[in-house]
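Visitor:
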Amino acid sequence: MPDINASADASGENKAGQPARQGQQRKPLGQRLLDAGIITDIQLDAALREQKRSGAFLGDTLVSLEFVTHEVLAGMLAEDARTTAIDILAVSVDERAMQLIPYDLARHLRAMPVALEGDSLVVAMADTFDIVAVDALEKKSGMCVRVVGAPEGDILDALERHYAQTGSIEETAELLMQQDPNAEASDESPMIRLVNQVIARGINSNATDIHIEPGEKIIQFRLRVDGVLRKMALLPRELMAGVSTRVKIMAGMDVTERRIPQDGRIRFNLGRRRVDLRTSTLPTAHGESIVMRILDQNPKALSLEQLGMSSHNREAFSRLISQPHGIVLITGPTGSGKTTTLYTALGQIDAQEKSIFTLEDPVEYSLPAIRQTQVNPDVGLTFAAGLRALLRQDPDVILIGEMRDKETASLAMRAALTGHLVFSTLHTNDAASAIPRLIDMGIEPYLLPSCLTGIVAQRLLRRICPACKREVEQPAALLERLGVRVPGDQGPEIKGRRSRAGDQKSEGESESVNPKLRLWHGEGCDACHQTGYAERTAIHEVITLSNRFHDAILKGASVGAIRKMAADAGMRSLMEDGLARALAGETTVEEVLRVAQGE
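My numbering puts the first residue of the sequence shown at 318, with every later residue one more than the last.
#1: Do Pro-468 and Ala-443 come within 8 Å of each other at the CB atom, strictly closer than that value?
#2: Can you find the residues in the same chain that come closer than 7 Å, C-beta to C-beta, to Cys-768, ignoring five residues on each side of it along the sequence?
#3: Can you name, in chain order, every residue of its own chain whose Cβ lies under 6 Å from the Cβ of Thr-661, other than the five neighbours on each side?
#4: Which same chain residues, not among the five before or five after Arg-575, have their C-beta less than 7 Å away from its C-beta?
#5: Under the three-state reduction of DSSP, which class applies to Leu-594: helix, strand or coil?
#6: Could you tell me whether the stretch 484 to 493 touches the stretch 578 to 589, using the rule of 3 or more Cβ pairs below 8 Å?
#7: How many angstroms separate the CA atom of His-744 from the CA atom of Thr-648?
#8: To which residues of the same chain is Gln-710 closer than 8 Å at the C-beta, ignoring the five residues directly before and after it?
#9: To the nearest angstrom, report how far apart Val-440 and Leu-728 are at their CA atoms.
#10: With distance defined between alpha-carbon atoms, name the residue in Ala-748, Gln-537, Pro-430 and Glu-852 nearest to Ala-450.
#11: Starting from the Cα of Asp-543, find the closest Cα among Met-567, Ala-901, Leu-707 and Ile-781 and give me that residue.
#12: What first and last residue would you give for the beta strand (DSSP E) that runs through Met-549?
#13: Does the stretch 764 to 779 come into contact with the stretch 889 to 905, if we say contact requires no fewer than three beta-carbon pairs (one atom in each stretch) closer than 8 Å?
#14: Any idea what DSSP makes of Lys-369, helix, strand or coil?
#15: Please go through the same chain and pick out, in chain order, the residues whose beta-carbon is closer than 8 Å to the beta-carbon of Thr-658, but skip the five residues on each side of it.
#16: Ordered along the chain, which non-local residues of its own chain (more than five positions away) have a Cβ less than 7 Å from that of Ala-899?
#17: What residues in its chain sit with their C-beta under 6 Å from that of Val-912, if we drop five residues either side in the sequence?
#18: At what residues does the alpha helix (DSSP H) containing Phe-634 begin and finish?
#19: With distances taken Cα to Cα, identify the nearest neighbour of Met-888 among Ala-851, Ala-749, Asn-513 and Thr-401.
#20: Using 8 Å as the threshold, is the C-beta distance between Leu-637 and Gly-771 below it?
#21: When you compare only the Cα positions, how much space is there between Asp-452 and Ile-403?
#22: List the residues that DSSP assigns as beta-bridge partners of Pro-531.
#23: Report the residue from Leu-755, Leu-556, Leu-365 and Met-626 whose alpha carbon sits nearest the alpha carbon of Ile-509.
#24: Taking the CB atoms as reference points, tell me whether Val-464 and Ser-437 lie closer together than 8 Å.
#25: Nearest-angstrom Cα distance between Leu-587 and Arg-518?
#26: Going by DSSP, name the residue or residues bridged to Thr-735.
#27: Is the beta carbon of Leu-351 sitting closer than 8 Å to the one on Ala-363?
#28: On the criterion of 16 or more Cβ atoms from any shown chain inside 10 Å, does Ile-520 qualify as buried, or is it exposed?
#29: Hey, which unbroken runs of the beta strand (DSSP E) at 3 residues or more fall wholly within the stretch 391 to 441?
#30: Out of Pro-578, Ala-784, Thr-651 and Asp-447, point me to the one whose CA is closest to Ala-844's CA.
#31: Alpha carbons only, please: which of Asn-864, Thr-742 and Met-567 is nearest the one belonging to Lys-655?
#32: So Arg-798 is in the alpha helix (DSSP H); what residue range does that whole segment cover?
#33: What is the residue span of the beta strand (DSSP E) that Tyr-850 lies within?
#34: Give the single residue among Glu-455, Val-572, Arg-721 and Ala-686 whose Cα lies nearest to the Cα of Ala-558.
#35: Since I believe Leu-546 is in contact with Ile-527 (beta carbons under 8 Å), could you give me their beta-carbon distance rounded to a whole number of angstroms?
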């Protein structure tokens with residue numbers, strides 16, 4: 318049995334495990350967690366040894382070892398303090414309460430102002446016994462403070478979220494303009510605050526990219542949200558040097574070099590979320606253009622259903638990833654969600670029974686129980702070199718970030734032939750184009766039928782905003798105007814395309830319209846920034862290679878011929894998949910045409 322009296326926690330017990338308040342007798346944290354059945358003797362013993370080594374509090378140590386969660390710890394401490402535990406991420410925060418406590422003080426004390434109740438200020442704290450923090454809050458606010466409990470990670474998340482939204486980027490810029498704009502960014506807290514606000518705004522807006530664009534007289538800040546660039550702020554041109562310097566410091570770039578492009582990486586903590594920003598600078602006529610790609614290091618684990626795959630495509634894709642060997646390719650342009658689909662596919666494979674490796678540039682998300690390697694051409698670790706080494710690691714499943722050259726593609730083919738399941742990506746417009754592309758890269762056609770088991774093409778399209786979703790009053794007229802016809806119950810098609818029954822209608826020839834046809838659109842509201850769309854989903858086309866493709870591939874069949882064979886075998890095109898989503902009310906016909914009409 319471990320020495321529980323030697324325990325210490327972060328909020329209510331000192332390093333000797335004694336109660337923090339005199340006259341208050343309660344068991345040490347370790348014993349209370351044991352009594353509640355939350356941890357075991359073995360876990361407590363391991364935590365005490367780690368706590369002794371690191372000098373940290375026991376509560377923090379237990380959380381870092383993942384023996385307990387922040388929520389469990391906060392609830393227990395709130396109970397000890399006879400306070401209420403709240404879900405700080407779900408409650409409505411009163412901005413008047415936030416105005417009483419500056420951001421810097423709130424973050425330092427790990428305290429989130431929540432509400433005003435008469436003469437009292439309600440504050441959420443992880444350490445509900447921190448008398449010093451309560452005194453500081455009361456002195457600053459001039460009010461009596463009532464403490465409620467919440468997990469520290471949630472408090473930090475709430476602080477960044479609410480203060481970033483309340484504290485205006487323009488207000489911070491105005492403060493900077495009143496100071497010396499040429500001061501060192503690393504020494505100027507307003508500049509640090511400005512850049513942090515920009516990044517936090519991008520993360521909270523679910524943006525994929527943050528653009529900082531210098532102009533002749535202004536700096537334009539834009540966010541790419543749901544695949545479309547959206548204006549965020551316009552600031553004076555004089556701040557560009559300071560913004561650029563601060564971003565470079567954060568990304569580990571050379572702050573003195575402004576003549577050549579640079580690449581770097583920023584690790585940014587927004588509350589409990591760890592976010593990486595792949596950062597690029599490019600010299601332009603008016604200064605350095607900066608683009609930051611947001612990579613959330615705590616992504617939600619997705620299922621095939623959450624990817625947006627239809628039941629038809631999901632069944633086909635599930636068969637592909639359950640094969641013992643072969644190559645599965647995901648195709649599409651940059652930013653179409655290929656990496657997310659690959660990671661989701663790996664998530665369907667039991668990593669305890671299979672040996673799974675990835676080779677990526679860069680490693681975008683951390684995957685548990687999977688060994689991930691980032692290529693580094695500067696030291697000779699290319700995709701090809703890494704794949705050669707990886708094949709000596711006894712893998713069952715291999716993910717190759719991208720097939721960029723003949724050598725990598727040839728090694729992947731060899732891996733598939735020797736009993737490995739290989740996932741990779743390729744830049745082609747549709748699934749059928751992947752086969753000629755591999756042949757153009759130098760892969761012998763006779764290898765493809767034996768190695769290539771499936772190809773998935775995908776695009777991302779925007780969903781209709783649920784807050785302003787309305788039904789289209791005249792769906793048939795809309796389809797006619799957009800050049801889309803609905804052949805009875807067969808589903809919508811583009812005018813001039815051959816229907817599934819094989820009949821060819823001339824351009825402009827009308828079709829009988831399904832009387833049950835219904836379409837929707839978004840009118841635009843504050844929730845979607847007047848766009849009518851919120852979030853995105855994916856559309857797919859899946860080709861499962863079989864013996865019927867063998868002769869066509871060997872004879873060098875065209876993309877059109879391969880596409881027709883795939884359609885005859887049951888493939889649904891990107892356009893068909895997208896229009897089915899429009900009929901189901903997930904998106905609009907206009908959005909489907911924008912994303913997939915070229916296919």
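Idealized CB from N, CA, C, for every residue including glycine. Just so you know, these numbers come straight off a predicted model, no measurement behind them.
Guide: According to the structure shown:
#1: In the sequence shown, counting from the first residue as 1, residue 443 sits at position 126. In the sequence shown, counting from the first residue as 1, residue 468 sits at position 151. Yes, the Cβ-Cβ distance between Ala-443 and Pro-468 is below 8 Å.
#2: Position 451 of the sequence shown, counting from 1, holds the residue named residue 768. Here the set comprises Gly-643, Ile-644, Met-730, Ala-733 and Leu-734.
#3: Reading the sequence shown from its first residue, position 344 is the one you call residue 661. If we look at Thr-661 and ignore the five residues flanking it on each side, its Cβ neighbours are Leu-619 and Leu-624.
#4: Taking the first residue of the sequence shown as 1, we reach residue 575 at position 258. Only Pro-600 and Glu-605 meet the Cβ criterion.
#5: The residue you call residue 594 lines up with position 277 of the sequence shown. Looking at Leu-594 - three-state DSSP - the assignment turns out to be strand.
#6: no
#7: Numbered from 1 along the sequence shown, position 427 holds the residue referred to as residue 744. Numbered from 1 along the sequence shown, position 331 holds the residue referred to as residue 648. Approximately 6 Å between the Cα atoms of the pair.
#8: The residue you call residue 710 lines up with position 393 of the sequence shown. Taken in chain order, the residues that qualify are Ser-672, Phe-674 and Arg-688.
#9: Position 123 of the sequence shown, counting from 1, holds the residue named residue 440. Position 411 of the sequence shown, counting from 1, holds the residue named residue 728. Val-440 and Leu-728: Cα-Cα distance of roughly 59 Å.
#10: Position 133 of the sequence shown holds residue 450. Residue Pro-430 is the option with its Cα nearest to Ala-450.
#11: As a first step, residue 543 is located in the sequence shown; it is residue number 226 there, counting from the start. Here the closest residue by C-alpha is Ile-781.
#12: If you number the sequence shown from 1, residue 549 lands on position 232. Counting along the chain, the beta strand (DSSP E) containing Met-549 begins and ends at 545 to 553.
#13: yes
#14: Within the sequence shown, numbered from 1, the residue matching residue 369 stands at position 52. Correct three-state label for Lys-369: helix.
#15: Taking the sequence shown and counting its residues from 1, one reaches residue 658 at position 341. Cβ within range, chain order: Leu-624, Ile-647, Val-773, Gln-775 and Ala-855.
#16: By 1-based counting over the sequence shown, the position of residue 899 is 582. Hits under 7 Å: Leu-836, Thr-905, Val-906 and Val-909.
#17: On the sequence shown, residue 912 is found 595 positions in, with the first residue counted as 1. Arg-776 and Leu-778.
#18: Along the sequence shown, read from residue 1 onward, the residue named residue 634 stands at position 317. Its alpha helix (DSSP H) spans residues 628 to 638.
#19: Indexing the sequence shown from 1 puts residue 888 at position 571. When only C-alpha atoms are compared, the closest one is Ala-749.
#20: Stepping through the sequence shown from its first residue, residue 637 is reached at position 320. Stepping through the sequence shown from its first residue, residue 771 is reached at position 454. Against a cut-off of 8 Å, the Cβ pair of Gly-771 and Leu-637 comes out as a contact.
#21: What you label residue 452 is simply residue 135 of the sequence shown in a count that begins at 1. What you label residue 403 is simply residue 86 of the sequence shown in a count that begins at 1. Cα to Cα, the separation comes out at about 22 Å.
#22: As a working note, residue 531 is residue 214 in the sequence shown. Pro-531 is bridged to Ile-536.
#23: On the sequence shown, position 192 is the one that residue 509 refers to. The candidate whose alpha carbon is nearest that of Ile-509 is Leu-556.
#24: Counted from its first residue, the sequence shown places residue 464 at position 147. Counted from its first residue, the sequence shown places residue 437 at position 120. No, Cβ-Cβ distance for Val-464 and Ser-437 is not below 8 Å.
#25: Residue numbering aside, residue 587 sits at position 270 when the sequence shown is read from its first letter. Residue numbering aside, residue 518 sits at position 201 when the sequence shown is read from its first letter. Rounded to the nearest angstrom, the two C-alpha atoms are 10 Å apart.
#26: Along the sequence shown, one-based indexing puts residue 735 at 418. In DSSP, Thr-735 forms no bridge with anything.
#27: Mapped onto the sequence shown, residue 351 falls at position 34. Mapped onto the sequence shown, residue 363 falls at position 46. The answer is no: Cβ separation not under 8 Å.
#28: Taking the first residue of the sequence shown as 1, we reach residue 520 at position 203. Buried, by the Cβ-count rule.
#29: 428 to 434
#30: Within the sequence shown, numbered from 1, the residue matching residue 844 stands at position 527. Taking only the C-alpha atoms, the option nearest Ala-844 is Ala-784.
#31: The sequence position of residue 655 within the sequence shown is 338, counting from 1. Checked all of Asn-864, Thr-742 and Met-567; the closest Cα to Lys-655 is Thr-742.
#32: By one-based count along the sequence shown, residue 798 stands at place 481. Run containing Arg-798: 792 to 799, per the alpha helix (DSSP H) assignment.
#33: Start at 1 with the first residue of the sequence shown, and residue 850 comes out as number 533. Its beta strand (DSSP E) spans residues 850 to 861.
#34: The residue you call residue 558 lines up with position 241 of the sequence shown. For the residues Glu-455, Val-572, Arg-721 and Ala-686, the minimum Cα distance to Ala-558 belongs to Val-572.
#35: Taking the first residue of the sequence shown as position 1, residue 527 is located at position 210. Taking the first residue of the sequence shown as position 1, residue 546 is located at position 229. About 11 Å; that fails the 8 Å criterion.
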